[in-house]
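Single-structure report; data block below.
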Amino acid sequence: RKEVEQDPGPFNVPEGATVAFNCTYSNSASQSFFWYRQDCRKEPKLLMSVYSSGNEDGRFTAQLNRASQYISLLIRDSKLSDSATYLCVVRKTDKLIFGTGTRLQVFP
Amino acid sequence: DTAVSQTPKYLVTQMGNDKSIKCEQNLGHDTMYWYKQDSKKFLKIMFSYNNKELIINETVPNRFSPKSPDKAHLNLHINSLELGDSAVYFCASSQDRDRYEQYFGPGTRLTVT
Numbered sequence: 002r003k004e005v006e007q008d009p010g011p012f013n014v015p016e017g018a019t020v021a022f023n024c025t026y027s028n029s030a031s032q033s034f035f036w037y038r039q040d041c042r043k044e045p046k047l048l049m050s051v052y053s054s055g056n057e058d059g060r061f062t063a064q065l066n067r068a069s070q071y072i073s074l075l076i077r078d079s080k081l082s083d084s085a086t087y088l089c090v091v092r093k094t095d096k097l098i099f100g101t102g103t104r105l106q107v108f109p
Numbered sequence: 008d009t010a011v012s013q014t015p016k017y018l019v020t021q022m023g024n025d026k027s028i029k030c031e032q033n034l035g036h037d038t039m040y041w042y043k044q045d046s047k048k049f050l051k052i053m054f055s056y057n058n059k060e061l062i063i064n065e066t067v068p069n070r071f072s073p074k075s076p077d078k079a080h081l082n083l084h085i086n087s088l089e090l091g092d093s094a095v096y097f098c099a100s101s102q103d104r105d106r107y108e109q110y111f112g113p114g115t116r117l118t119v120t
């Protein structure tokens with residue numbers, strides 16, 4: 002079983018839609034949680050950290066459920082520029098463990 | 008003003024050859040990493056150096072040898088290349104080993120024929 006699992010998608014949504022991605026992780030000792038974004042043929046970039054109390058950054062909301070070992074990302078009012086692959090990332094000791102990503106395609 | 012740079016961007020080579028990929032960061036970070044992203048887009052850590060000292064060495068064939076001449080540079084040498092080595096190799100850096108935000112280079116797309 003992979004340490005970090007995500008639905009690969011693709012999620013095809015119209016501009017303005019709200020879309021949610023989920024992620025589960027297997028190691029209860031995982032310390033920190035993040036969402037990274039990777040555009041096609043580009044490098045990953047940190048989108049936001051995920052805190053136990055839930056956190057928001059503009060149109061993006063991240064939530065963590067430690068009991069269920071589950072992380073989510075909600076994107077409101079989707080823009081064409083949100084089209085990318087969203088990587089769920091878990092930190093374990095010195096390492097970041099990446100999920101394989103969920104692809105989002107926003108269409109006009 | 009590239010923060011993390013890698014050369015070359017593309018590398019096409021034949022099985023059995025030896026090749027190197029270079030990485031440099033101008034962010035003043037202490038910690039650098041090599042990742043491999045395979046054809047299924049799975050991004051996996053290979054090595055990490057903190058102030059030129061190896062701190063992470065995942066289960067990677069010993070044909071792969073990282074070298075850090077100083078804390079701004081982390082190179083990756085690969086001996087006897089195999090078809091399965093074809094992937095995108097990303098270099099990354101973070102301020103120190105405890106910082107979660109890693110800054111990635113643009114990647115080196117390696118194709119072994």
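As you go down the protein sequences, you meet chains D and F in turn.
Position in the first sequence (first residue = 1) + 1 = this note's numbering.
Position in the second sequence (first residue = 1) + 7 = this note's numbering.
Where is the CB? At the ideal position from N, CA and C, for every residue including glycine.
Rounded C-alpha distance that separates Asp-77(F) from Cys-30(F)
On the second sequence, residue 77(F) is found 70 positions in, with the first residue counted as 1. On the second sequence, residue 30(F) is found 23 positions in, with the first residue counted as 1. Looking at the two C-alpha atoms, the distance is approximately 11 angstroms.
Output the boundary residues of the beta strand (DSSP E) element that contains Ser-75(F).
Along the second sequence, one-based indexing puts residue 75(F) at 68. Boundaries of the beta strand (DSSP E) around Ser-75(F): 71-77.
Going by DSSP, what residues sit across from Ile-76(D) in a beta bridge?
Translated into positions along the first sequence, residue 76(D) becomes position 75. Answer is Val-20(D), Phe-61(D), bridged to Ile-76(D).
Let me confirm a value: Thr-19(D) is counted as buried when at least 16 other C-beta atoms fall within 10 Å, else exposed. Which label applies?
In the first sequence, the residue the question calls residue 19(D) occupies position 18. Result: exposed.
Under 7 angstroms (Cβ pairs) to chain D, residues found in the region 96-112 of chain F
Residues Phe-97, Arg-104, Tyr-107, Glu-108, Gln-109, Phe-111, Gly-112.
In the DSSP assignment, find the unbroken beta strand (DSSP E) run with Met-49(D) in it and report its ends.
Locating residue 49(D) in the first sequence gives position 48, counting from the first residue. Counting along the chain, the unbroken beta strand (DSSP E) around Met-49(D) starts and ends at 45-51.
Within the continuous beta strand (DSSP E) that includes Arg-116(F), where are the two ends?
By one-based count along the second sequence, residue 116(F) stands at place 109. Under the DSSP assignment, Arg-116(F) falls in the beta strand (DSSP E) whose first and last residues are 115-119.
Cβ of Ile-63(F) less than 8 angstroms from any chain D Cβ?
Within the second sequence, the letter at position 56 stands for residue 63(F). Chain D has a Cβ within less than 8 angstroms of the Cβ of Ile-63(F).
Pair within 8 angstroms by beta-carbon distance, Trp-36(D) and Leu-74(D):
Here residue 36(D) is taken as the residue at index 35 of the first sequence, counted from 1. Here residue 74(D) is taken as the residue at index 73 of the first sequence, counted from 1. Contact flag set, yes.
Same chain, Cβ closer than 8 angstroms to Ala-21(D), five either side skipped, listed in chain order
Here residue 21(D) refers to the residue found at position 20 of the first sequence. The answer, listed in chain order, is Ser-73, Leu-74, Leu-75, Ile-76.
For a test of your reading of the model: does the CB of Leu-65(D) fall under 7 angstroms from any non-hydrogen atom of the ligand ATP? Yes or no.
Looking for the ligand ATP in the displayed structure turns up nothing, as the structure carries no ligands at all.
Any chance you could list the alpha helix (DSSP H) runs of at least 4 consecutive residues sitting entirely within the region 15-40 of chain F, in chain order?
Taken in chain order, the whole alpha helix (DSSP H) runs of length 4 or more contained in the region 15-40 of chain F number zero.
Reduced DSSP secondary structure (H/G/I, E/B, other) of Ser-33(D):
Start at 1 with the first residue of the first sequence, and residue 33(D) comes out as number 32. Ser-33(D) carries a strand assignment under DSSP once its states are collapsed to helix, strand and coil.
Put Ser-82(D) into one of helix, strand or coil per three-state DSSP.
Counted from its first residue, the first sequence places residue 82(D) at position 81. Annotated three-state conformation of Ser-82(D) is helix, per DSSP.
Below 7 angstroms on C-beta distance, what does Ser-31(D) contact in chain F?
Translated into positions along the first sequence, residue 31(D) becomes position 30. At a beta-carbon threshold of 7 angstroms, none of the residues of chain F lie near Ser-31(D); the nearest stands roughly 12 angstroms away.
With 16 other Cβ atoms within 10 Å as the buried cut-off, status of Ala-99(F)
Numbered from its first residue, the second sequence carries residue 99(F) at position 92. Of the residues assessed, Ala-99(F) falls on the buried side of the cut-off, its CB having 16 or more other CB atoms within 10 angstroms.
Would you say Thr-14(F) and Val-119(F) are within 8 angstroms of each other, going by their C-beta atoms?
Residue 14(F) sits at position 7 when you count from the first residue of the second sequence. Residue 119(F) sits at position 112 when you count from the first residue of the second sequence. In this structure, Val-119(F) does not lie closer than 8 angstroms to Thr-14(F) by Cβ.
Where Leu-90(F) falls: helix, strand or coil (DSSP)
Numbered from 1 along the second sequence, position 83 holds the residue referred to as residue 90(F). In the structure shown, Leu-90(F) sits in a helix (DSSP, three-state: H, G or I).
Go through its chain and collect everything with a Cβ distance to Tyr-107(F)'s Cβ below 8 angstroms, but skip five positions before and after it.
The sequence position of residue 107(F) within the second sequence is 100, counting from 1. Closer than 8 angstroms at the Cβ level, and outside the excluded window around Tyr-107(F), lie Ser-101.
I think Ile-52(F) touches Ile-63(F), with their Cβ atoms under 8 angstroms apart; what is that distance to the nearest whole Å?
As a position in the second sequence, residue 52(F) is number 45, starting the count at 1. As a position in the second sequence, residue 63(F) is number 56, starting the count at 1. Rounded, the Cβ-Cβ distance is 6 angstroms, consistent with contact.
Between Pro-109(D), Lys-80(D), Leu-81(D), Thr-25(D), which lies nearest to Ser-69(D) when the distance is taken from Cα to Cα?
The residue labelled residue 69(D) in the question sits at position 68 within the first sequence. Cα-wise, what sits closest to Ser-69(D) is Thr-25(D).
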